[in-house]
Amino acid sequence: MQTQLADFIKDTPEGREAEAILRACVHCGFCTATCPTYQLLGDELDGPRGRIYLIKQLLEGHDVTEKTRLHLDRCLTCRSCESTCPSGVQYSRLADIGRHIVEQRVPRSGAEAAKRWALREFVPRAQVFGVAMKAGRAVRGLLPDALKEKVPDVRPGGPWPKPRHARRMIALAGCAQPAMAPSINAATARVLDAVGISLVEQPGAGCCGAVRFHLNDQEGGRDDARRNIDAWWPAVERGEVEAIVMTASGCGVQVKDYGHLLAQDAAYAEKAARISAMTRDVSEIVAAEGEKLQELLKTRRGEAVAVAFQSPCTLQHGQQIRGVVESLLTTAGFTLTPVRDGHLCCGSAGTYSLLQPELSKQLRANKLAALGEGGAAMIASANIGCMTHLQAGTMTPVRHWVELVDSRLNGFPL
83 MQTQLADFIK DTPEGREAEA ILRACVHCGF CTATCPTYQL LGDELDGPRG
133 RIYLIKQLLE GHDVTEKTRL HLDRCLTCRS CESTCPSGVQ YSRLADIGRH
183 IVEQRVPRSG AEAAKRWALR EFVPRAQVFG VAMKAGRAVR GLLPDALKEK
233 VPDVRPGGPW PKPRHARRMI ALAGCAQPAM APSINAATAR VLDAVGISLV
283 EQPGAGCCGA VRFHLNDQEG GRDDARRNID AWWPAVERGE VEAIVMTASG
333 CGVQVKDYGH LLAQDAAYAE KAARISAMTR DVSEIVAAEG EKLQELLKTR
383 RGEAVAVAFQ SPCTLQHGQQ IRGVVESLLT TAGFTLTPVR DGHLCCGSAG
433 TYSLLQPELS KQLRANKLAA LGEGGAAMIA SANIGCMTHL QAGTMTPVRH
483 WVELVDSRLN GFPL
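Count the sequence shown with the working numbering and you get residues 83 to 496, in order.
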């Protein structure tokens, strides 16, 4: 794709990156076949190829309108298009650049601006979010449906093993997950403890930065990244930990990108690159201990419960991790049911379910229908946002896959 970038962007790091991405696109249209919003709406501008044209126009100095912003807002950033693209177009990075400019050129106002401000300032603060979740559960019956489904019942985390192994890793607690599902990191700690790894959470770390960054407060997202790096760095520098473990795939894809996000920050670029290189999804860690896991599970298998695995977009497209969780669940004795259109987004997509509720609910209905076709007694996922979103639309229990493995290893109830 030929480009003629405008002077305001041409010789900047963002401009050079955007130009390289645009030039890689051959506008073949393969991406439209796997784009969830294009499938729902049938509008070229609500597919990756159309959005790339919109971004190209604004980078070349053409007028930006609310219509441009609307089509970019409707994008889930699921990155299914990146998995499909034969040319390796890094669409999500181009979308970040384009959205940031659109936000400056066509500022929001009124309720829309207030909603996004509240999400940016409220969700990333774990303590504030936790207090609000407790209050929400106390009055859950009085909440409107849109909020009620975002206030799930909490299950106890259970015991967290004390550090006792020579091998040690750090887990990111995050912002929403500690209040919504403390059971996930606790289950991860028990599973890793069983295979000889101690898991700890580092004081001072918090939100991965994805919430702010994808709500176009990109500098705020980078600040979150810097804070986490500062919290983790002493242990990393001393060689006390061998990996940073992500139990939410949405956080994992963000932290693995710290090296890119802070590449222009002289004070943090090197540290960020090292943190990104050390970051692993929990499935990668457990899979690497496969032989130990198999040995432990020989005497601990239960009944073959049918499970449908919903692979989050941030796992299969963002991190390109496919088939790993499914293999681990099979090793643990669960029977996996087939899931039609497994590459499509469930509609959660961070704050998307709050900002684009109609499209989000359509995508959830489609996903739940596909997950239910095999008669699964339980749905497993790898991301807290997807879990909460799906559970709000079904009576079938939705759990993190590591909780299922923990139930087999340690007998902790689901």
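Think of the CB as a built atom: it goes at the ideal place given N, C-alpha and C, for glycine as much as any other residue.
Since we're looking at a predicted model, the values are computed, not measured.
Query: Cutoff 7 Å; reference Glu455; Cβ partners in own chain excluding five residues on either side; Result: Arg422
Query: Short Cβ contact (7 Å threshold) for His153 with Leu127; Result: yes
Query: Stretch pair the stretch 238-256 + the stretch 275-292: three plus CB contacts closer than 8 Å; Result: yes
Query: Selection from His482, Ala200, Gln376 and Glu194 that minimises the alpha carbon distance to Leu491; Result: Gln376
Query: Residue nearest to Gln84 in terms of C-alpha spacing, selected from Trp314, His182 and Ile103; Result: Ile103
Query: Distance CB(Ala307)-CB(Asp488) smaller than 7 Å; Result: no
Query: Cβ separation of Val484 and Lys374, assumed to be a contact under 8 Å, to the nearest whole Å; Result: Not quite, the Cβ-Cβ distance comes to about 15 Å (not below 8 Å), so this is no contact.
Query: Close Cβ partners of Gly119 (< 6 Å) along its chain, the five nearest in sequence each way excluded; Result: Contrary to the premise, residue 119 reads as Thr rather than Gly in this sequence. Counting only Cβ-Cβ distances below 6 Å, and skipping sequence neighbours, we find Asp128 and Arg156.
Query: Cβ shell of Cys289 (< 6 Å), same chain only, five flanking positions each side left out; Result: Pro206, Cys257 and Asp306
Query: Secondary structure of Asp89, DSSP reduced to three states; Result: helix
Query: Residues near Arg249 in its chain [Cβ-Cβ closer than 8 Å; skip 5 each side]; Result: Gly278, Ile279, Ser280 and Glu324
Query: Span of the beta strand (DSSP E), counted from its first residue to its last, around Asp235; Result: Taken as a continuous stretch (DSSP letters only), Asp235 belongs to no beta strand (DSSP E), as it is neither H nor E.
Query: For Thr433, the nearest candidate out of Leu122, Glu164 and Asn298 (CA to CA); Result: Asn298
Query: Short Cβ contact (7 Å threshold) for Gly400 with Val335; Result: yes
Query: N-terminal and C-terminal residue of the alpha helix (DSSP H) that Val210 is part of; Result: Ala208 to Ala220
Query: Beta carbon of Ala458 nearer than 7 Å to that of Ala386; Result: no
Query: Ala106 vs Ser162 beta-carbon contact at 7 Å; Result: no
Query: Burial state of Pro394, where buried means 16 or more other Cβ atoms lie within 10 Å; Result: buried
Query: Simplified DSSP assignment, three categories, for Glu319; Result: helix
Query: Through-space distance from Pro316 to Ala359, alpha-carbon basis; Result: 16 Å
Query: Three-way DSSP call (helix, strand, coil) for Thr361 in this model; Result: strand
Query: Residue nearest to Pro59 in terms of C-alpha spacing, selected from Glu194, Asp145, Ser265 and Ala370; Result: Outside the modelled stretch of the chain, which goes from 83 to 496, sits residue 59, for which no answer is possible.
Query: The stretch 178-195 contacting the stretch 144-153, beta-carbon criterion three pairs below 8 Å; Result: yes
Query: Environment of Glu408 [buried if 16+ CB atoms lie within 10 Å]; Result: buried
Query: Ala292 and Gly212 closer than 7 Å at C-beta; Result: no
Query: Spatial distance of Asp275 from Val364 (CA atoms); Result: 13 Å
Query: Residue interval of the beta strand (DSSP E) (run including Leu281); Result: Ile279 to Glu283
Query: Own chain partners of Gly384 with C-beta closer than 8 Å, once the 5 adjacent residues on each side are dropped; Result: Gly415, Ser489 and Arg490
Query: Beta-carbon separation (whole angstroms), Leu472 vs Lys449, contact threshold 8 Å; Result: 7 Å
Query: Lys230 versus Ala447, Leu486 and Ser435, residue with shortest Cα-Cα distance; Result: Ser435
Query: Alpha helix (DSSP H) runs contained entirely in the stretch 143-173, provided each spans 4 or more residues; Result: 148-155 and 162-166
Query: Status (buried if at least 16 other CB within 10 Å, exposed otherwise) for Arg294; Result: buried
Query: His98 burial status per 10 Å Cβ neighbour count (16 or more: buried); Result: With the sequence shown as reference, residue 98 is identified as Arg, and His is not the correct amino acid for it. By the 10 Å Cβ count, Arg98 comes out exposed.
Query: Whole-angstrom distance between Pro226 and Leu437, CA atom to CA atom; Result: 16 Å
Query: Length of the line joining the Cα atoms of Gln209 and Pro234; Result: 17 Å
Query: Per DSSP, cross-strand counterpart(s) of Thr417; Result: Ala388
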